[in-house]
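Undergrad: Sharing a structure with you now.
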């Protein structure tokens, strides 16, 4: 048991025989060969994940050339070899540069896979659920202890950074479902105690900026491919609401809201925030981009303002951005090139 | 931190970077991002004592603090600037990539210390090459030593010594794995546990946990 009395690994989640075979069988030399693992992840897994229709096929590599595989050329050559041969053959044998060694059509079944692998070839069978490997007549439905293609497929279906606007649209649906939407707002019992409620329903709880940001953070963390973190500090000590790194590039979200919230005394409503808050958020974001680029030498090519609109349902007017004429000239370049406003997240009590 | 002369430290950093560039090139990387250089050298330091019995960590002269999304040593940036200026490596300002076309050496005239250093860097980069350069950030964010620094928001150096938080986690991981396998695989080497650890963290990356 670990220090806190809890195991690091979930001991019940793994098939011990599979783990044993991967690490301990006579074939583990090839199954665990670094070049096998690298080409499987950089070439084969990507190819399999990108296939819209999973056609059964086989890739074979002679055992004696595994150590000589030239990783400098494999990715590029594999794409060409597959483009030229995949549609007309279901058996493709590769040389050490991943050029075509041999291709043909074969009957694909387990017996045949084992037979080919017994002729000193490492066989990769691309099936519906992933890639199985045959070495020396033994089948491995996975070569990693903890990860497989099923987990990778699930991950690949999560939102990439390029799909962030679509992710925000899905989030808007998510936060407005019963059970979620109530968490942001003062409940009806408390509303009755507020003097100036005037029939309003969308009254946010105390410190809405923290609640909204944290809720969004959790959703992005679960539903995107990238890891986000909160309140990262710039050199100037200013804090970015949410930040991630995607494909090697820094990305941040500045989170704002408009609407009204309850006063800290719990008996009245604050004036809340209006369009000016959003316009200020634009300049605030642009200043952060300027600091990242000019003072911290961190390339941050695209960043976002993400706004929650908690105004009363049915009474919302279009947000007045004043044609963005409020942006000072020294920040205009960053507005034009490195900034975008995400779809507004409208939230309603019911 | 090892007390070694500044000049030696500078030369060693430059040599480490050139080795790193050559090894990544051998694993098929066309180029390496500057952030990745900091992160790979940090991982080489923080993981060193898990696999190597040596009492001293040859990467201990690096002084990593947290900057944005990862560990950072300003001396590495200076070393990169030197290598770019003297055209050992190339840099493109537009995308901040650097690439190396030089062949540092073929290993024939190197000391055993230098060969061990290359072997260790090679192992770290070999493991990272399975997951790709873009995933290094995700591994760093799940690195216990780095996570602890973020959690405390402290402005201090990352501990790459033998008792750092990452090593402590790895020891627990190894013990749990042995329990999982009912000690059958007790002959597995530390390198294998290190590879299993990365596979395990990769699962967490894919599952968004």
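Protein chains in written order, with my numbering: chain F, 1 to 350; chain Z, 1 to 209.
Ideal placement from N, C-alpha and C gives every residue a C-beta, glycine not left out.
Does residue 328/F have its Cβ less than 8 Å from a Cβ in chain Z?
TA: Residue 328/F does not count as touching chain Z.
Undergrad: Using a Cβ-Cβ cut-off of 7 Å (strictly less than) and excluding sequence neighbours within five positions of residue 37/Z, which residues of its own chain qualify?
TA: Only 17, 20, 76 and 80 meet the Cβ criterion.
Undergrad: For the segment 240-260 of chain F, enumerate the residues whose C-beta is nearer than 7 Å to any C-beta of chain Z, in chain order.
TA: Flagged, chain order: 245, 247, 248 and 250.
Undergrad: Using three-state DSSP, classify residue 231/F as helix, strand or coil.
TA: If DSSP states are grouped into helix, strand and coil, residue 231/F belongs with the strands.
Undergrad: Is residue 94/Z buried or exposed, if buried means 16 or more other CB atoms sit within 10 Å of its CB?
TA: In this prediction, residue 94/Z scores a pLDDT of 33, lower than 50, which makes its location untrustworthy; the coordinate-derived value is nonetheless stated afterwards. Exposed, since its Cβ has fewer than 16 Cβ neighbours within 10 Å.
Undergrad: On the DSSP bridge list, what partners appear for residue 15/Z?
TA: Beta-bridge pairing links residue 15/Z to no other residue.
Undergrad: Going by beta carbon distance, what residues of the same chain come within less than 7 Å of residue 195/Z, once the five residues before and after it are set aside?
TA: Taken in chain order, the residues that qualify are 127.
Undergrad: Given a cut-off of 8 Å on the beta-carbon distance, is the pair residue 49/F and residue 156/F in contact?
TA: Contact flag set, yes.
Undergrad: Mapping DSSP to helix, strand and coil, what is residue 368/F?
TA: Because chain F spans 1 through 350 in this model, residue 368/F falls outside it and cannot be assessed.
Undergrad: If you measure from the beta carbon of residue 145/F to each beta carbon in chain Z, is any gap under 8 Å?
TA: Yes, residue 145/F counts as interfacial toward chain Z.
Undergrad: From which residue to which residue does the alpha helix (DSSP H) around residue 113/Z run?
TA: 112-131 is the extent of the alpha helix (DSSP H) around residue 113/Z.
Undergrad: Does any C-beta atom of chain Z lie closer than 8 Å to the C-beta of residue 77/F?
TA: So, not an interface residue.
Undergrad: Using a threshold of 8 Å, state whether the C-beta atoms of residue 257/F and residue 217/F are closer than that.
TA: No, they are not a contact pair.
Undergrad: Distance cutoff 8 Å, beta carbons only. Does residue 34/F sit that close to anything in chain Z?
TA: Chain Z contact via Cβ: present.
Undergrad: Taking the C-alpha atoms as reference points, what is the distance between residue 152/F and residue 206/Z?
TA: Rounded to whole angstroms, residue 152/F to residue 206/Z spans 6 Å at the Cα level.
Undergrad: With three or more beta-carbon pairs closer than 8 Å as the criterion, would you say the segment 74-89 of chain F touches the segment 122-130 of chain F?
TA: Contact fails: fewer than three Cβ-Cβ distances are below 8 Å.
Undergrad: What residue range is occupied by the uninterrupted beta strand (DSSP E) comprising residue 257/F?
TA: 249-258 is the extent of the beta strand (DSSP E) around residue 257/F.
Undergrad: Take every Cβ of the segment 198-214 of chain F, pair it with every Cβ of the segment 166-183 of chain Z, and state whether three or more of those distances are shorter than 8 Å.
TA: No contact exists between the segment 198-214 of chain F and the segment 166-183 of chain Z.
Undergrad: Tell me the start and end of each unbroken alpha helix (DSSP H) in the segment 147-185 of chain Z that is at least 4 residues and wholly inside, in chain order.
TA: Within the segment 147-185 of chain Z, the complete alpha helix (DSSP H) runs of at least 4 residues are 165-180.
Undergrad: From which residue to which residue does the beta strand (DSSP E) around residue 306/F run?
TA: Segment 303-309, the beta strand (DSSP E) holding residue 306/F.
Undergrad: So with CB distances below 8 Å, who are the chain Z contacts of residue 41/F?
TA: Within 8 Å Cβ-Cβ: 130, 131 and 132.
Undergrad: Beta-carbon of residue 24/Z versus every beta-carbon of chain F: anything under 8 Å?
TA: No, its Cβ sits nowhere closer than 8 Å to a Cβ of chain F.
Undergrad: Measure from the C-beta of residue 208/Z to each C-beta in chain F and report whether the shortest distance is under 8 Å.
TA: Yes, contact with chain F.
Undergrad: Check for me: the beta strand (DSSP E) holding residue 145/F runs from which residue to which?
TA: Segment: none, residue 145/F is in no beta strand (DSSP E) and carries neither H nor E.
Undergrad: Roughly how many angstroms lie between the CA atoms of residue 134/F and residue 53/F, to the nearest whole one?
TA: Using only the alpha carbons, I get a separation of about 23 Å.
Undergrad: Under a three-way DSSP split, which group does residue 72/Z fall into?
TA: In the structure shown, residue 72/Z sits in a strand (DSSP, three-state: E or B).
Undergrad: On the CB-based measure, 16 or more other CB atoms within 10 Å of its CB, does residue 44/Z come out buried or exposed?
TA: That one is buried.
Undergrad: Rounded to the nearest angstrom, what separates residue 82/F and residue 85/Z at their Cα positions?
TA: Approximately 41 Å between the Cα atoms of the pair.
Undergrad: Listed in chain order, which residues of the segment 37-56 of chain Z have Cβ atoms closer than 9 Å to some Cβ of chain F?
TA: Here the close residues number zero.
Undergrad: Taking a Cβ distance cut-off of 7 Å, strictly less, list which residues of the segment 110-130 of chain Z are near chain F, in chain order.
TA: Those would be 126, 129 and 130, in chain order.
Undergrad: If the cut-off is 9 Å on Cβ atoms, which residues from the segment 155-183 of chain Z count as contacting chain F, listed in chain order?
TA: For the segment 155-183 of chain Z, which is checked against every Cβ of chain F, the residues closer than 9 Å are 168, 169, 172, 173, 175, 176, 177, 179, 180, 181 and 182.
Undergrad: Is the CB of residue 72/Z under 8 Å away from at least one CB in chain A?
TA: Included in the structure are the protein chains F and Z, with no chain A among them.
Undergrad: Where do the ends of the alpha helix (DSSP H) carrying residue 44/Z lie?
TA: First-last of the alpha helix (DSSP H) with residue 44/Z: 34-46.
Undergrad: Looking at the structure shown, is residue 56/F part of a helix, part of a strand, or coil, going by DSSP?
TA: In this structure, residue 56/F counts as coil in the three-state DSSP scheme.
Undergrad: Using 8 Å as the threshold, is the C-beta distance between residue 341/F and residue 288/F below it?
TA: Taking 8 Å as the Cβ cut-off, residue 341/F and residue 288/F do not qualify as a contacting pair.
Undergrad: Determine the closest residue to residue 43/F out of 31/F, 298/F, 32/F and 59/F, with distance taken between C-alpha atoms.
TA: The option with the nearest alpha carbon to residue 43/F is 59/F.
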